[in-house]
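Which chain is which? The protein sequence lines are Z and A, in order.
First residue of the first sequence? That's 0 in numbering that gives the first Met the number 0, and the numbers climb one at a time after it.
First residue of the second sequence? That's 0 in numbering that gives the first Met the number 0, and the numbers climb one at a time after it.
Structure, as structure tokens:
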Amino acid sequence: MTTDAPPLRNRSLLKLVAAAVPVLLVLIMVPSLVGTYQLQLVIYGLIAAIAALGFNLLLGYTGLLSFGHSAYFGVGAYSVAFVVEHLGPHSMEFYLLIGIPIVAITSALFGYICVRHTRIFFGILTLAISQVIYSLALKLYWMTGGSDGLRVPRPALLLGLLSFSGPQGFQHFVRSYYYYVLGIFVICVILMWVIVHSPFGKALQGIRDNEVRARFLGLQIRRFRWISFLVSGTFTGVAGILWVPLNGLTTPDVLYWTFSGEIVFTALLGGFRNFTGPIVGGIVFTYLKTYAVASTEYWQLLLGVVLVTLVLVLPTGIVGAISRAGQRLSRRKAAT
Amino acid sequence: MAILTIQILNSLLYASVLFLIAAGLSLIFGVMRIVNLAHGSLYAVGAYVTAWLVGRGIALGVPLGWLFLMLPVGALSVALIGIVIEPLLLRPFYRRAEEYQLLVTFGLLQILEDLMRLVWGGTPLSADTLMDVLPILRVGGLFYPAYNLLVIGVGIVAAVILWAAIYHTKFGVMLRATSQDRRMASALGLNVGLVYVMAFGIGCFMAGLGGAIVVPTQAAVLGMGIDALVIAFVVVVIGGLGSLKGALVGAVVVSFVRTAGIQFFPELELAVLYLIAALVLLVRPTGLFGTA
Numbered sequence: 000m001t002t003d004a005p006p007l008r009n010r011s012l013l014k015l016v017a018a019a020v021p022v023l024l025v026l027i028m029v030p031s032l033v034g035t036y037q038l039q040l041v042i043y044g045l046i047a048a049i050a051a052l053g054f055n056l057l058l059g060y061t062g063l064l065s066f067g068h069s070a071y072f073g074v075g076a077y078s079v080a081f082v083v084e085h086l087g088p089h090s091m092e093f094y095l096l097i098g099i100p101i102v103a104i105t106s107a108l109f110g111y112i113c114v115r116h117t118r119i120f121f122g123i124l125t126l127a128i129s130q131v132i133y134s135l136a137l138k139l140y141w142m143t144g145g146s147d148g149l150r151v152p153r154p155a156l157l158l159g160l161l162s163f164s165g166p167q168g169f170q171h172f173v174r175s176y177y178y179y180v181l182g183i184f185v186i187c188v189i190l191m192w193v194i195v196h197s198p199f200g201k202a203l204q205g206i207r208d209n210e211v212r213a214r215f216l217g218l219q220i221r222r223f224r225w226i227s228f229l230v231s232g233t234f235t236g237v238a239g240i241l242w243v244p245l246n247g248l249t250t251p252d253v254l255y256w257t258f259s260g261e262i263v264f265t266a267l268l269g270g271f272r273n274f275t276g277p278i279v280g281g282i283v284f285t286y287l288k289t290y291a292v293a294s295t296e297y298w299q300l301l302l303g304v305v306l307v308t309l310v311l312v313l314p315t316g317i318v319g320a321i322s323r324a325g326q327r328l329s330r331r332k333a334a335t
Numbered sequence: 000m001a002i003l004t005i006q007i008l009n010s011l012l013y014a015s016v017l018f019l020i021a022a023g024l025s026l027i028f029g030v031m032r033i034v035n036l037a038h039g040s041l042y043a044v045g046a047y048v049t050a051w052l053v054g055r056g057i058a059l060g061v062p063l064g065w066l067f068l069m070l071p072v073g074a075l076s077v078a079l080i081g082i083v084i085e086p087l088l089l090r091p092f093y094r095r096a097e098e099y100q101l102l103v104t105f106g107l108l109q110i111l112e113d114l115m116r117l118v119w120g121g122t123p124l125s126a127d128t129l130m131d132v133l134p135i136l137r138v139g140g141l142f143y144p145a146y147n148l149l150v151i152g153v154g155i156v157a158a159v160i161l162w163a164a165i166y167h168t169k170f171g172v173m174l175r176a177t178s179q180d181r182r183m184a185s186a187l188g189l190n191v192g193l194v195y196v197m198a199f200g201i202g203c204f205m206a207g208l209g210g211a212i213v214v215p216t217q218a219a220v221l222g223m224g225i226d227a228l229v230i231a232f233v234v235v236v237i238g239g240l241g242s243l244k245g246a247l248v249g250a251v252v253v254s255f256v257r258t259a260g261i262q263f264f265p266e267l268e269l270a271v272l273y274l275i276a277a278l279v280l281l282v283r284p285t286g287l288f289g290t291a
């Protein structure tokens, strides 16, 4: 077994790199091809992909469905807003430096409580706890601005090397911010790939598939789930931190539980059984929602119909369906 | 003293509506093992349909007393929606993982919320005429609408009827048998599919009734269902998912805490409720009266 494992892993890594390089090249080219608005959409898509990637460590790899991931996204966004309000420096690195520990501590704390349960109770518990944060953000208006939310101005990037003001400031900001988010996105994807393929990731999958056997192997199940929760929440929190300077405003909406539902939707849309599923889902969902909102007042209805159809017809998501079709095609080729 | 009495009555009013919503949610989970995220939206549909029917009734000049008949009609229409939804959308999911059931009901929630906006628009729909038909009582030196007492009465009657139906009728035995072991019940010749439709229909009827009786006291607005669902979750988590007694006790606890919260710590009122729910889940995962 052990002698077989490394080449297999290298091969899957090779396949991933072979697939990722062209995609990455296209992503690097994007700003020279499209306008500011489209570029903004791609950034939102990448951010949604990071959030869903983090969420999927719990659902896809640990087998726990969280209905409260809006909490970590929102805590990331609000911690940036508090930094702006009280500490001053408008620097993206500073936001990340302060925001990531806050998000990590929050998810560690909530995770510690939530992983005592599994299945449906885990879902309800995550939902209940995220609603605590939501109602606090809504009601403690002298701190959070209530339903008006908090404004976050454009930060300087790369330790103040790039700052954006003047008439074309926003266009320049979006352009630079795109590469900034893309960089963090690539780091997140690599990091998550390493986590998922590490012995730790394998242990999570073992727990997901058969908890009793994993326990017989001597795995401390609750601790593994807890760390998985912590990593998952932190990734989603990073997405929240990246989201807020682009949006310019954070409101309690990103803490409400229906936003958690959208994160679940995103992962399912791409396919939560695949590593790349949530990434594809994040980008597709962003476009789907944007165009649904633009084309009809009843976009929620449209999304609901898509979700129900998806669950009924394509339970493995976009990536799952494509990879299955690809397998069938190659098998047919091998047969002839 | 009079203020205290009115606060207690208000708590009971709220508890009665909450019980109707939470008991339906709990019944559906108990029998079908589905957590219906669209349950709050069904409650909102009940409120909208009733308010709309009452509005039509007034426009057509129906005698005011007769308009009270619109309350059960509103509830029944929600039950009808449930009877259509269950075989169409939920039945394919009983053999699949719980995640998919949650997702499909979440999709249903989105659809229902927007359908309400499509049909009734964004303006609140009120049926307060019904409240004005009944007299206003004097409690100590304060006034209290008799309609609120009617709501409390409906809640109590619904609890008694539901309890009698589940524990003292043949249908109740069928329900409980299916809830305990679906395959065994089926092997003994029970029509499990029919029991599921009935259970889902009754659950929806309860939600619809909650919406119908609440709408004369407060107008039907968009988003009322989503808020109600989360509070109903708190109720069933405290009382125990799948337990009728739990829904009753949970509803009373939540509404008294909430009334006290609005009085003494308005900023933290909701946070305290969710915290109580989280604490109960930690200490007793199955809730106070749950067995699952």
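Cβ coordinates follow ideal geometry from the N, Cα and C atoms, glycine included.
Only counting the same chain, and skipping five residues up and downstream in sequence, which positions put a Cβ closer than 8 Å to that of residue i?
i, result
"Tyr-60 (chain Z)", "Val-195, Gly-200, Leu-203, Gln-204, Arg-207, Ser-227"
"Leu-248 (chain Z)", "Gly-148, Leu-149, Arg-150, Val-151"
"Leu-108 (chain Z)", "none"
"Leu-36 (chain A)", "Leu-101, Thr-104, Phe-105, Leu-107, Leu-108, Leu-228"
What are the boundary residues of the alpha helix (DSSP H) that residue i is part of?
i, result
"Ser-197 (chain Z)", "Looking at the DSSP string, Ser-197 (chain Z) is not in any alpha helix (DSSP H), and its letter there is neither H nor E."
"Met-205 (chain A)", "191 to 213"
"Glu-261 (chain Z)", "256 to 269"
"Met-69 (chain A)", "69 to 84"
"Thr-143 (chain Z)", "140 to 143"
"Leu-8 (chain A)", "1 to 31"
"Pro-277 (chain Z)", "276 to 294"
"Arg-90 (chain A)", "Per DSSP, Arg-90 (chain A) belongs to no alpha helix (DSSP H) and is neither H nor E."
"Thr-216 (chain A)", "Thr-216 (chain A) -> no alpha helix (DSSP H), and no H or E assigned at all."
"Leu-161 (chain Z)", "That residue, Leu-161 (chain Z), is in no alpha helix (DSSP H); it is neither H nor E in DSSP."
"Ser-78 (chain Z)", "69 to 85"
"Ser-40 (chain A)", "38 to 58"
Enumerate in chain order the residues of its own chain whose CB-to-CB distance from residue i is below 7 Å, with the five nearest sequence positions on each side excluded.
i, result
"Leu-52 (chain A)", "Met-69, Val-72, Gly-73"
"Val-252 (chain A)", "Ile-237"
"Ala-246 (chain A)", "Phe-18, Ala-21, Ala-22, Ser-25, Val-234, Val-235, Gly-238"
"Val-114 (chain Z)", "Arg-221, Arg-224, Trp-225, Phe-228"
"Asp-3 (chain Z)", "Because Asp-3 (chain Z) sits at a pLDDT of 46, beneath the cut-off of 50, its placement in the model cannot be relied upon, and the following sentence gives the value as read from the coordinates. The answer is none, since no qualifying residue turns up."
"Ile-5 (chain A)", "Val-138, Leu-141, Tyr-143"
"Asp-252 (chain Z)", "Phe-258"
"Arg-10 (chain Z)", "none"
Residues of chain A with a CB under 9 Å from the CB of residue i: which are they?
i, result
"Lys-138 (chain Z)", "Pro-265, Glu-266, Leu-267, Glu-268, Leu-269, Ala-270"
"Phe-120 (chain Z)", "Val-236, Leu-240, Leu-280, Pro-284, Thr-285"
"Ile-123 (chain Z)", "Val-34, Phe-232, Val-235, Val-236, Leu-240, Ala-276, Leu-280"
"Tyr-297 (chain Z)", "Asp-113, Leu-114, Arg-116, Leu-117"
"Ala-342 (chain Z)", "Outside the displayed span of chain Z (0 to 335) sits residue 342 (chain Z), for which this structure offers no information."
Output, in chain order, the set of chain Z residues within a Cβ distance shorter than 9 Å of residue i.
i, result
"Val-213 (chain A)", "Those do not exist, as Val-213 (chain A) stays about 21 Å from chain Z at its closest Cβ, beyond 9 Å."
Quick one: list the residues of chain Z neighbouring residue i, beta-carbon separation under 7 Å, in chain order.
i, result
"Ala-219 (chain A)", "Going along chain Z, no residue has its Cβ under 7 Å from Ala-219 (chain A), so there is no contact; the nearest lies around 18 Å."
Counting only the same chain and skipping the five closest in sequence on each side, list residues whose C-beta sits under 6 Å from that of residue i.
i, result
"Val-150 (chain A)", "Leu-12, Ser-15, Ile-212"
"Ala-320 (chain Z)", "Leu-313"
"Val-279 (chain Z)", "Gly-269, Ile-317, Val-318"
"Val-292 (chain Z)", "Trp-298"
"Met-91 (chain Z)", "Pro-154, Leu-156"
Can you pull the chain Z neighbours of residue i, defined as C-beta to C-beta under 8 Å?
i, result
"Leu-107 (chain A)", "Gly-303, Val-307"
"Tyr-273 (chain A)", "Ala-127, Ile-128, Gln-130, Val-131, Ser-134"
Given that residue i touches chain A, what residues does it touch there, using C-beta distances under 8 Å?
i, result
"Leu-115 (chain Z)", "According to the sequence displayed, residue 115 (chain Z) carries Arg and not Leu. Within 8 Å Cβ-Cβ: Leu-281, Pro-284."
"Pro-244 (chain Z)", "Result: empty, since nearest Cβ-Cβ is about 28 Å, beyond 8 Å."
"Leu-64 (chain Z)", "Glu-97, Glu-98, Leu-101"
List, in order along the chain, the chain A residues whose C-beta lies closer than 7 Å to that of residue i?
i, result
"Val-41 (chain Z)", "Those within 7 Å of Val-41 (chain Z) in chain A number zero; the least Cβ separation is about 25 Å."
"Trp-256 (chain Z)", "Val-229"
"Leu-311 (chain Z)", "Pro-91"
Under the criterion of a Cβ to heavy atom distance below 7 Å, does residue i qualify as lining the ligand GDP?
i, result
"Arg-90 (chain A)", "Absent from the structure shown: the ligand GDP. Ligands present: none."
>> Under 8 Å, with one C-beta from each stretch per pair, do the region 75 to 86 of chain Z and the region 306 to 325 of chain Z reach the 3-pair mark?
In response: Contact fails: fewer than three Cβ-Cβ distances are below 8 Å.
>> I'd like the ranges of any alpha helix (DSSP H) spanning at least 4 consecutive residues and lying wholly in the region 114 to 179 of chain A.
In response: 128 to 132, 145 to 167, 169 to 179
>> Please give the ranges of any alpha helix (DSSP H) in the region 203 to 244 of chain Z, keeping only runs that are unbroken, at least 4 residues long and fully inside the region.
In response: 210 to 215
> Counting pairs of Cβ atoms below 8 Å between the region 165 to 183 of chain A and the region 123 to 131 of chain A, do you hit three or more?
Replying inline: No, because fewer than three Cβ pairs between the region 165 to 183 of chain A and the region 123 to 131 of chain A fall closer than 8 Å, the two stretches do not touch.
>> Restricting to runs no shorter than 4 residues, where is the alpha helix (DSSP H) found entirely within the region 100 to 124 of chain Z?
In response: Runs found: none.
>> Would you call the region 268 to 279 of chain A in contact with the region 128 to 140 of chain Z, where contact means no fewer than 3 C-beta pairs closer than 8 Å?
In response: yes
>> For the pair the region 130 to 142 of chain A and the region 328 to 335 of chain Z, tell me if three or more CB-CB distances fall below 8 Å.
In response: no
> Is there contact here, the region 204 to 218 of chain A with the region 25 to 43 of chain A, by at least three beta-carbon pairs under 8 Å?
Replying inline: yes
> Taking one C-beta from the region 22 to 38 of chain Z and one from the region 169 to 182 of chain Z each time, how about it: are there three or more such pairs within less than 8 Å?
Replying inline: yes
> Would you call the region 159 to 171 of chain A and the region 214 to 228 of chain A touching, i.e. three or more CB-CB distances under 8 Å?
Replying inline: no
> Should the region 17 to 37 of chain Z be called in touch with the region 54 to 67 of chain A, which here means at least 3 C-beta pairs below 8 Å?
Replying inline: With contact defined as three or more Cβ pairs closer than 8 Å, the region 17 to 37 of chain Z and the region 54 to 67 of chain A are not in contact.
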